[in-house]
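**Student:**
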Amino acid sequence: MNAAAEGPGPRRGPGRPPWPVLAAVALGGGLGAAGRYGAGRLWPVPPHGFPWTTFGVNALGCALIGVLMVVVTEARTAHPLVRPFLGTGVLGGFTTFSTYALDVERLMSDGHPRPALAYLILTPAAALTAVWLAAAATRRLTVRRAR
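Note that the UniProt record's numbering has the sequence shown beginning at 1, numbered continuously upward.
(1) Looking at T54: is its Cβ nearer than 8 Å to the Cβ of Y100?
(2) Does any CB atom of chain B fall closer than 8 Å to the CB of T142?
(3) Could you tell me if E6 is buried or exposed, where buried requires 16 or more neighbouring beta carbons within 10 angstroms of its beta carbon?
(4) Using a Cβ-Cβ cut-off of 7 Å (strictly less than) and excluding sequence neighbours within five positions of A127, which residues of its own chain qualify?
(5) Where do the ends of the alpha helix (DSSP H) carrying residue 156 lie?
(6) In angstroms with no decimal places, state the Cα-to-Cα distance between A3 and P84.
(7) Could you tell me the distance, in whole angstroms, from the CA atom of T142 to the CA atom of A26?
(8) Quick one: using the 10 Å Cβ neighbour count with 16 as the cut-off for buried, is P113 buried or exposed?
(9) So, at 8 Å on beta carbons, what are the nonlocal neighbours of T138 in its own chain, with the 5 sequence-adjacent residues on each side left out?
(10) If we require 4 or more residues per run, which alpha helix (DSSP H) segments fall completely within the region 79-146?
(11) Ignore the nearest five residues each way along the sequence and tell me which others in M1's own chain have a CB closer than 8 Å to its CB.
(12) Need the endpoints of the alpha helix (DSSP H) that F55 sits in, please.
(13) Could you name the residues of the same chain whose beta carbon sits closer than 6 Å to that of residue 148, not counting the 5 residues immediately before and after it, in chain order?
(14) Assuming contact is defined by CB atoms lying nearer than 8 Å, are G32 and G87 in contact in what I supplied?
(15) Determine the closest residue to I90 out of G28, A23, W19, with distance taken between C-alpha atoms.
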């Protein structure tokens, strides 16, 4: 595999452990998960309610990853640890596919198939739309500033 096929990110020599990258991801993941936990505490969902907090966290996290990816891959040269720290770490810890899946199962088990189906469909649709809109808006803003 050549270096171009591996994609952007920190490079390491043969036999050299990726400790800085692992540390960046771990630290970022802890911060992101703490942010998600905080959102759940600020906006708790009733036991049989629609999981608006997780829905919002996932959509917001996806919008932020859209911004981040444009900034670090198209607009600026970033430190090699920025993408693993913010993308994989913070935003990976902030967003949550596992809670989304559990929420769908909980809604179904509680006898709410319509909200479960809506949540099942709307979450990935909102996530993809958020990434696309945020990336497009960031591209426009960075192109204007570059002129």
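For each residue, glycine too, the CB sits at the ideal point set by N, CA and C.
**Tutor:** To lay it out plainly:
(1) yes
(2) The structure shown contains no chain B; it holds only a single protein chain.
(3) At E6 the pLDDT is 44, less than 50, meaning the model places this residue with poor confidence and gives no usable figure here.
(4) N58, A59, C62
(5) The structure shown does not extend to residue 156, since the chain spans only 1 to 147, so no value can be given for it.
(6) Reliability of the predicted coordinates at A3 is poor, the pLDDT of 43 falling under 50, and no value is obtained from them.
(7) 30 Å
(8) exposed
(9) G66, V67, V70, V71, A75
(10) 97-109, 113-146
(11) The pLDDT assigned to M1 is 40, lower than 50, so where the model puts this residue is not dependable; a value taken from the coordinates is nonetheless given after this. Excluding positions up to five away in sequence, the list is empty.
(12) 52-70
(13) This structure leaves residue 148 out entirely; the chain is present only between 1 and 147.
(14) no
(15) The identity of residue 90 in the sequence shown is Val, whereas the question assumes Ile. Ranking G28, A23, W19 by Cα distance to V90 puts G28 first.
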